[in-house]
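Using our numbering, you'd call the opening residue of the sequence shown number 1264 and step up by one each time. In what follows, a structure is listed as structure tokens, so that the remarks can point back to it.
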Amino acid sequence: MKSKLITRAGHDKLVAELQHLWHTERPEITKKVNWAASLGDRSENADYQYNKQILRKIDRRVRYLGKRLEELKIVDFSEQQLGKVYFGAWVTIENEQGEIKTLRIVGVDEIYDHHPQHISIDSPMARALLGKEVDDEVTVVTPLGKKVWYINQIRYEMPEKSYIL
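Structure representation (structure tokens):
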């Protein structure tokens, strides 16, 4: 089951995508479909078939975004979060081999752009990190076995300032 949490920036991106699809891409493709349909025989008209397929993809995404945006709960930063890992945090971790990673815990809907540092709140790593503090040891159970990480830094970002611990 997907969590219904999202950062404000993630929510704004989805809203912008929905607006772009509905007000820019869909009208443009609709014009192409109408033009191709006016040429006659639609069954052998490649322009008509191709643009109709694109229009169906756009409509599916618009329906999905419309429903999903209604379900999502925006989680804004609160100063009460300082010192611990919560949703929206940037966390720098290190393992015993000295490998360092910086990750951000976000909602599943924010991973669609495959940002290499974003991890879902539903992931085993995020679940293990939640509520922890700097210098805490975190054990993550993975398909390859248990992995131990140490928290080096926790950071929260706001448009006007950044909090680093």
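All C-beta atoms, glycine included, are put in the ideal place defined by N, C-alpha and C.
Within 7 Å, strictly: CB atoms of residue i and residue j
i, j, result
"residue 1394", "residue 1347", "yes"
"residue 1371", "residue 1383", "yes"
"residue 1354", "residue 1345", "no"
"residue 1373", "residue 1415", "no"
"residue 1387", "residue 1403", "yes"
"residue 1318", "residue 1281", "no"
"residue 1350", "residue 1419", "no"
"residue 1389", "residue 1368", "yes"
"residue 1266", "residue 1385", "yes"
Residue burial classification, residue i (beta-carbon count within 10 angstroms, cutoff 16)
i, result
"residue 1270", "buried"
"residue 1273", "buried"
"residue 1296", "buried"
"residue 1279", "exposed"
"residue 1378", "exposed"
Whole-Å CB distance - residue i paired with residue j, under 8 Å assumed
i, j, result
"residue 1284", "residue 1324", "6 Å"
"residue 1338", "residue 1277", "Wrong, their Cβ atoms sit about 14 Å apart, outside the cutoff."
Rounded straight-line distance, which links the Cα of residue j to that of residue i
i, j, result
"residue 1286", "residue 1320", "15 Å"
"residue 1290", "residue 1322", "11 Å"
"residue 1293", "residue 1304", "18 Å"
"residue 1288", "residue 1298", "16 Å"
"residue 1359", "residue 1399", "13 Å"
"residue 1301", "residue 1334", "40 Å"
Quick check: the segment 1407 to 1418 against the segment 1310 to 1319, are at least 3 beta-carbon pairs closer than 8 Å? No, because fewer than three Cβ pairs between the segment 1310 to 1319 and the segment 1407 to 1418 fall closer than 8 Å, the two stretches do not touch.
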